[in-house]
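Q:
Numbering (the working numbering), first residue to last: 743 to 951.
(1) Quick one: grab the DSSP three-state call for residue 764.
(2) If residue 891 and residue 911 are in contact, beta carbons under 8 Å, what's the gap, nearest whole angstrom?
(3) Give a yes or no on contact between the region 838–847 and the region 871–882, applying the rule of three or more CB pairs nearer than 8 Å.
(4) Along the alpha helix (DSSP H) that carries residue 907, what are the first and last residues, could you check?
(5) Just verifying my parser: in three-state terms, what is the DSSP assignment at residue 863?
(6) Just to confirm my understanding: we take residue 755, look at its own chain, exclude 5 residues before and 5 after, and list those with CB closer than 7 Å. What are they?
(7) Distance, Cα to Cα, residue 925 vs residue 758?
(8) Would the beta-carbon of residue 855 fall within 8 Å of that of residue 878?
(9) Below 8 Å on the Cβ atoms is my contact criterion, and I expect residue 881 with residue 862 to pass it. Report the Cβ-Cβ distance as a whole number of Å.
(10) Quick check on DSSP: helix, strand or coil for residue 873?
(11) So, is residue 913 buried or exposed, given that buried needs 16 or more other C-beta atoms within 10 angstroms?
(12) Quick check on DSSP: helix, strand or coil for residue 889?
(13) Cα separation between residue 766 and residue 896?
(14) With 16 other CB atoms within 10 Å as the buried threshold, where does residue 923 fall?
(15) DSSP state of residue 789, grouped into three classes?
(16) Excluding the 5 residues flanking residue 748 on each side, which residues of the same chain have their C-beta closer than 7 Å to its C-beta?
(17) Give a yes or no on whether the C-beta atoms belonging to residue 761 and residue 774 are separated by under 8 Å.
(18) Going by beta carbon distance, what residues of the same chain come within less than 7 Å of residue 798, once the five residues before and after it are set aside?
(19) Keeping to the same chain, check which residues put their C-beta closer than 6 Å to that of residue 860; ignore five residues upstream and five downstream.
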């Protein structure tokens, strides 16, 4: 048995949530609940790839999903800390209400664009798109990266798009690829090299036949 971070993280999230719900509004325990929830969320996000794949891929390439989840969560929390709250104001007049509804519609569209960019495997662009919507627009309309959820869902019935996406990924500037890889390794550590595929001789036999 190996207790991953997600186990105490889940317990802290539940405990912190219950503490926040059951504490009076101005009690100091609410701050304690916020700290507990924050620690629990950090532990759960650290194992996001484990939850997603139902397999311990922490030091594999698939484990980078945890880094992307943490960065995206940090971007969303940054919006909250900056006071990005279009709702929650009482006694609004008609004109102000109309303006706020336009803002809400803009937020909904932005969220959909960011989600589409995430599904296309463009995690860095999705993170920046939280703050700069034009980047999310670009990421959502461009071809998805190979092996992304969008690729699995939609490009299986469109081999031409899958081939174009693979060619575009292979043609990425080496400098950009190296910088992106170094940044990911700095944040999460270098993934373990993929084990070589054993050759049992069957392919040679098929070729001979």
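Ideal Cβ positions, reconstructed from N, Cα and C, are used throughout, including at glycine.
Quick caveat: nothing in here was measured; it's all calculated off a predicted structure.
A: Well, looking at it:
(1) Shown here, residue 764 sits in coil according to DSSP, grouped into three states, outside any helix or strand.
(2) Rounded to whole angstroms, the Cβ separation of residue 891 and residue 911 is 15 Å, and the two are not in contact under 8 Å.
(3) Cβ pair count under 8 Å is below three, so no.
(4) Looking at the DSSP string, the run of the alpha helix (DSSP H) that includes residue 907 is 901–912.
(5) Here residue 863 sits in coil by DSSP.
(6) Contacts found: 779, 782, 783, 786.
(7) So the alpha carbons of these two residues sit roughly 33 Å apart.
(8) Their beta carbons are under 8 Å apart, which means residue 855 touches residue 878 by this criterion.
(9) Their Cβ separation, rounded to whole angstroms, is 6 Å, which keeps residue 881 and residue 862 in contact under 8 Å.
(10) Correct three-state label for residue 873: coil.
(11) Per the 10 Å Cβ criterion, exposed.
(12) Residue 889 carries a coil assignment under DSSP once its states are collapsed to helix, strand and coil.
(13) For residue 766 and residue 896, the distance between alpha carbons rounds to 49 Å.
(14) Exposure of residue 923 is indicated by the presence of fewer than 16 other C-beta atoms within 10 angstroms of its C-beta.
(15) Residue state, collapsed to three classes: coil.
(16) 785, 786, 789, 792, 793.
(17) Cβ atoms of residue 761 and residue 774: closer than 8 Å.
(18) So the list reads 792, once near-sequence residues are dropped.
(19) So the qualifying residues of the chain are 868.
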